[in-house]
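Below is one structure, written out as structure tokens, with a few remarks after it.
Numbering (the UniProt record's numbering), first residue to last: 1 to 298.
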């Protein structure tokens with residue numbers, strides 16, 4: 001099966017397994033209690049779990065797909081100390097059995113850029129709010145986010161630790177049952193620790209029934225898929241491409257949308273600026289996305 005599936009499906013299937021291995025590392029570091037916290041900047045932390053999980057993902061995917069470009073949040077890390085068991089991954093069979101969209105069938109390995117956030121929600125992780133934590137692996141071809149993995153290390157799934165959600169437009173979504181948001185309400189989600197005057201002004205303009213403040217772009221995207229929020233609003237710089245590539249692809253798989261706060265799509269080309277300078281506006285449907293844009297324009 002692995003040899004005949006198009007390469008973009010194989011990368012998605014391998015990323016599924018790599019994210020789960022990274023999730024094990026994230027849990028192990030937490031269990032041992034030595035987080036190894038380093039402050040990279042204001043409200044920007046790194047832990048031993050961040051660096052170790054990234055090493056695992058990049059070493060595993062590089063071993064399988066050496067021609068792909070892989071960009072991780074923690075920069076260039078030495079991989080000479082990566083245990084062999086971290087790189088021993090088998091692609092997820094469910095994904096390999098799916099039918100690949102025609103426009104992606106001929107994508108070559110060297111055409112793929114993989115964006116990795118090994119531990120999205122690091123601040124929450126250090127504070128014990130592990131439900132906010134995700135592992136993000138997004139796949140792009142050219143400018144476009146085409147596939148994504150959102151792994152939740154601390155969520156129980158069928159009696160085991162860790163839940164992996166995957167999505168690709170034209171292929172579908174797996175590991176998760178999407179739920180519709182309540183049409184009689186309008187609920188927004190935004191950052192719990194990176195708010196500012198611009199964010200609060202936007203929330204006031206949108207006048208929601210409720211605002212859910214949580215950590216991590218991956219977790220916010222899942223709130224949309226769970227039907228707990230209608231839109232994710234963060235109209236200010238702060239997130240990076242590795243924060244949004246996977247969530248955008250997963251949302252696109254079910255008709256959702258993620259753009260900057262003016263409605264423009266981000267480029268995920270390997271040479272792009274990694275900073276999401278236009279903020280983030282994401283929604284479960286285009287209808288809710290348009291509602292936010294219209295309010296901003298007025």
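All residues carry an ideal CB built from backbone N, CA and C; glycine is no exception.
In this text, all values refer to a predicted model and were calculated from it rather than measured experimentally.
Pairwise C-alpha distance: residue j and residue i
i	j	result
residue 276	residue 214	19 Å
residue 135	residue 151	5 Å
residue 1	residue 207	The predicted model places residue 1 with a pLDDT of 39, which falls under 50 and marks its position as unreliable; any figure quoted below should be read in that light. When rounded, the distance between both Cα atoms is 50 Å.
residue 111	residue 32	39 Å
residue 57	residue 77	11 Å
residue 217	residue 5	30 Å
residue 108	residue 74	26 Å
residue 137	residue 205	33 Å
residue 22	residue 298	44 Å
residue 146	residue 249	5 Å
residue 19	residue 268	20 Å
residue 164	residue 106	26 Å
residue 114	residue 149	11 Å
residue 65	residue 132	30 Å
residue 153	residue 263	31 Å
residue 287	residue 186	12 Å
Proximal residues to residue i (C-beta, below 8 Å), its chain only, five neighbours per side dropped
i	result
residue 274	71, 240, 241, 242
residue 203	188, 190, 211, 233
Residues sharing a beta bridge with residue i, DSSP
i	result
residue 191	214
residue 152	163
residue 233	281
residue 117	136
Continuous beta strand (DSSP E) stretch holding residue i: start and end
i	result
residue 125	Here residue 125 belongs to no beta strand (DSSP E); instead the alpha helix (DSSP H) covers 122-126.
residue 93	Run containing residue 93: none in the beta strand (DSSP E); it sits in the alpha helix (DSSP H), 93-96.
residue 172	172-174
Residue i - containing alpha helix (DSSP H), residue span
i	result
residue 275	Segment: none, residue 275 is in no alpha helix (DSSP H) and carries neither H nor E.
Cut-off 6 Å between Cβ atoms - residues of its own chain near residue i, not counting five sequence neighbours on either side
i	result
residue 63	87
residue 212	189, 229
Contacts around residue i, its chain only, beta-carbon distance under 7 Å, and the 5 residues preceding and following it disregarded
i	result
residue 103	none
residue 272	241
residue 91	2, 10, 13, 14, 17
Practice problem: Decide if the region 176-192 is in contact with the region 48-59; the criterion is three or more beta carbon pairs, one per stretch, under 8 Å apart. | Solution: no
- Taking 8 Å as the threshold, find out whether the region 181-188 comes into contact with the region 161-169 through three or more Cβ pairs. no
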